[in-house]
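Notes to accompany the following structure.
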Amino acid sequence: MGVELREVKLPLVEAFVTSTGTETDREALLVRAVTPLGEGWGECVAGSAPHYSAEYAAEAREVITRFLLPRLAAGGWSTAEEVAGALAGVKGHPMAKAALESAILDAELRAAGVPLATHLGGVRRRVPAGVAVGITASVGELVDLVEGYLGSGYRRVKLKIRPGWDVVPVAAVRERFGDVALQVDANGAYTLADTDALAALDPFELLLVEQPLADDDLVGHAQLARRIRTPICLDESITSSGSAAAAIALGSCSVVNLKPGRVGGLLEARRVHDLCLAHQVPVWCGGMLETGVGRAANVALATLAGFTLPGDLSASERYFATDITPPFVLDDGHLDVPRGPGIGVDPLPEVLRRLTVRSEWVRL
Ligand code: NPG
């Protein structure tokens, strides 16, 4: 048994600007687990710098090799279901843990001939595709980009916002494209002192405002929720089923963005989903500029019943000229769920080789 850690670097077709930074490349850490059952793939969604959360790819690699793999090597687990428990003694690092669990789960499901969506309990064969649009140099540029995406068939648009880039771009998109499904994402760029600016979004009938305040401010979000009409969705704040339960109990959010990497894995993501479903809190699948490996897992997760809003699940070409797997393509504004066992897609060996920056084999 062993694990290959493969760092790949894919240039983005255009820079992606958020309130926390600018991404020009996707540097992904891919995990190939070789278990007694076979092999499987996972993607660590940590970016190259700790802008979205504290994790970043180089650190994730170190955490995996120095702390997580020795725990797996020590035994005490036999299935993917038991991986999180075996890793629990290491605090934090959900993205590193999720990548390992995903690869091991993929190996298990490929060996059993079971698609990931089926294993998770999915109820859809295709999922609606939403698109996230970064902060642009001008409102005109933003409107042109949105026009292109709607022309391709995307079912909902998410605009990145920050103080000073909110009401004007939202108003422009609303005015130009009528009642298109529209939402915004602040990545925690506001404070309660900005309540008026956030309330100014009320007239635009947005589906939701995502993570307006800081990650750790559940109480502030609950206060804000009483002062604005737009539903609040939490992303960065929801790091486990425990924090999801707290956010729901406090009234901090009425929608949840679910990302397996952020909560430590697909299996914890399913628990968060189940909790939200039980509380009638809609969920949708977030994105972290994943390559086809991570995207395939996200698409499978988004087939669960509680995913009632379109996710940040875009076609591969929205981000990459060449993806490392056969590309995900839009079909009538949807992505098809891979039908094969496990995540249902394989990296293309030639592309993988070309885009690999570094790789390392760790024997367990
Ligand atoms: O479609 O994969 C996608 C990207 C969607 O906006 C998106 N992701 O804050 O949710 C986010 C944001 C992000 C991008 C976060 C890159 C971290 C890195």
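If you count the sequence shown from 1, position 133 lands on 957 in this note's numbering, and the numbers rise without skipping. Virtual Cβ for every residue (Gly too), placed ideally from N, Cα, C.
- Secondary structure of THR1132 (DSSP, three-state): coil.
- Approximately 7 angstroms separates the beta-carbon atoms of CYS868 and VAL855; this is inside 8 angstroms, confirming the contact.
- Three or more Cβ pairs closer than 8 angstroms define a contact, and the segment 979-996 meets that threshold against the segment 947-955.
- As a beta-bridge residue in DSSP terms, HIS1158 pairs with PRO952 and ASP1155.
- Looking at the backbone, the Cα of GLN1035 and that of GLY1111 are separated by about 14 angstroms.
- Considering only GLY988, LEU974 and LEU1128, the residue with the shortest C-alpha distance to LEU1091 is LEU1128.
- Per DSSP, the beta-bridge partners of THR842 are GLY845.
- Boundaries of the alpha helix (DSSP H) harbouring ILE928: 918-936, taken from the DSSP string.
- Secondary structure at ALA995: helix, using DSSP grouped into helix, strand and coil.
- SER1140 has its Cβ no nearer than 7 angstroms to any heavy atom of the ligand NPG.
- One alpha carbon belongs to GLY975, the other to GLY1168, and they sit about 28 angstroms apart.
- As summarised for the segment 826-901, the continuous beta strand (DSSP E) elements at least 3 residues long and confined to that stretch are 826-842, 845-859 and 862-868, given in chain order.
- Collapsing the DSSP output to three states places GLN1047 in a helix.
- Cβ contact annotation for THR844 (same chain, cutoff 7 angstroms, sequence separation greater than five): HIS875, TYR876 and ASN1011, in chain order.
- DSSP places ASP1009 in the strand class (E or B) of the three-state scheme.
- Cβ-Cβ separation between LEU1042 and THR1015: approximately 14 angstroms, too far for a contact (criterion under 8 angstroms).
- Going by DSSP, CYS1100 is part of the alpha helix (DSSP H) stretching over 1090-1102.
- In this structure, the C-beta of GLY1116 stays at least 7 angstroms away from each heavy atom of the ligand NPG.
- Taking C-beta atoms under 8 angstroms as the contact rule, LEU1058 and VAL1080 qualify, at a distance of about 6 angstroms.
- Between the alpha carbons of ARG949 and ILE1056 lies a gap of roughly 29 angstroms.
- With respect to the 8 angstroms criterion, LEU1137 and LEU1159 are classified as neighbours on the basis of their beta carbons.
- Taking the Cβ atoms as the reference, VAL1161 lies roughly 6 angstroms from ALA1124, within the contact range of under 8 angstroms.
- In this structure, the straight-line span from the alpha carbon of ALA873 to that of THR842 is close to 14 angstroms.
- Looking at the DSSP output, PRO987 bridges to nothing.
- As a beta-bridge residue in DSSP terms, VAL1107 pairs with VAL1080 and PHE1131.
- Distance from the C-beta of LEU1031 to the nearest heavy atom of the ligand NPG is not below 7 angstroms.
- SER902 is classed as exposed because its beta carbon has fewer than 16 other beta carbons within 10 Å across all chains shown.
- Under the three-state reduction of DSSP, LEU1179 is assigned to helix.
- The alpha-carbon separation between GLU905 and LEU861 amounts to approximately 15 angstroms.
- GLU879 and GLY871 have their C-alpha atoms roughly 8 angstroms apart.
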